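Under this note's numbering, the first residue of the sequence shown is numbered 4, with each subsequent residue one higher.
This report refers to the structure that appears directly beneath it.
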Amino acid sequence: MNSRKKGALELSMNTIVIVVIGVTLLVLGLGFVTGIFGNLESLTRNVFGEAENSINQIATHNEKLTIPGEIMVKQGETASSKVWVVNEEPQSKTFTIDITAASENNAGTGIKILVPQKQATVETGGEIGFSVGIDVADNIPKGLYGYNVNIGPSNYAQSSFFVNVE
4 MNSRKKGALE LSMNTIVIVV IGVTLLVLGL GFVTGIFGNL ESLTRNVFGE
54 AENSINQIAT HNEKLTIPGE IMVKQGETAS SKVWVVNEEP QSKTFTIDIT
104 AASENNAGTG IKILVPQKQA TVETGGEIGF SVGIDVADNI PKGLYGYNVN
154 IGPSNYAQSS FFVNVE
């Protein structure tokens with residue numbers, strides 16, 4: 004009778020070891036798969052953002068001002084886009100760009116909007132793409148932050164866009 008109990012105890016120990024190893028492998032496998040899909044989502048978002056910027060660069064702009072409605076940026080990261088201005092005036096004109104936070108925007112210094120070239124002269128019927136960089140701090144809350152774009156002189160064109168912090 005004693006040997007039967009010993010066999011049952013060995014079988015029980017083997018079962019526990021197998022279950023522990025199985026659970027460990029399952030947790031590691033789930034972590035690996037989650038990491039892969041997280042990276043895939045990030046890569047997909049970046050590729051589509053770059054594709055949209057590329058399409059905007061080669062597209063013909065038929066409005067005075069063309070900007071993306073929303074620019075997605077992760078906390079602690081940067082993004083860039085273009086603001087396109089078309090000169091519909093009968094003579095060449097020097098345009099300026101001014102980007103300001105909307106009145107309900109509470110980002111403060113958490114989002115920095117950088118425009119390296121704030122002025123450009125454009126011939127009649129020509130267009131210029133002002134490069135816009137967006138730098139998001141890693142401690143800013145996720146959400147939408149509105150910005151107004153004003154093209155001068157004399158309020159030539161106005162529009163707005165959102166920075167979507169993820």
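Glycine included, each C-beta is placed from N, C-alpha and C at the ideal position.
These numbers were taken from a predicted model, which means no experiment stands behind them.
For this session: Would you check if there are 3 or more beta carbon pairs closer than 8 Å linking the region 96 to 105 to the region 67 to 85?
Result: Contact between the region 96 to 105 and the region 67 to 85 is not established, with fewer than three Cβ pairs separated by less than 8 Å.
For this session: Tell me whether S162 sits in a helix, a strand or coil according to DSSP, three-state version.
Result: The answer is strand: DSSP assigns S162 an E or B state.
For this session: Alpha carbon to alpha carbon, how far is K115 from V166? Give it in angstroms, no decimals.
Result: Straight-line Cα distance between these residues: approximately 11 Å.
Problem set entry | Residue interval of the beta strand (DSSP E) (run including V139) | From DSSP, the beta strand (DSSP E) with V139 extends over E130 to V139.
Problem set entry | K85: first and last residue of the uninterrupted beta strand (DSSP E) it sits in | Counting along the chain, K85 sits inside the beta strand (DSSP E) bounded by residues T81 to V89.
Exercise. Exposed or buried, V76, counting other C-beta atoms within 10 Å across all chains shown (16 or more means buried)?
Worked result: With 16 or more Cβ atoms within 10 Å of its Cβ, V76 is classed as buried.
Problem set entry | Beta bridge counterpart(s) of N201 as assigned by DSSP | The structure shown does not extend to residue 201, since the chain is modelled only from 4 through 169, so no value can be given for it.
For this session: Leaving out five residues on either side along the sequence, give the residues of the same chain with a beta carbon under 8 Å from the beta carbon of T112.
Result: Counting only residues of its own chain and dropping the five nearest sequence neighbours on each side, T112 has a CB closer than 8 Å to the CB of A140.
For this session: Counting only the same chain and skipping the five closest in sequence on each side, list residues whose C-beta sits under 6 Å from that of N108.
Result: Excluding the 5 residues flanking it on each side, N108 has same chain C-beta neighbours closer than 6 Å at Y148 and G149, in chain order.
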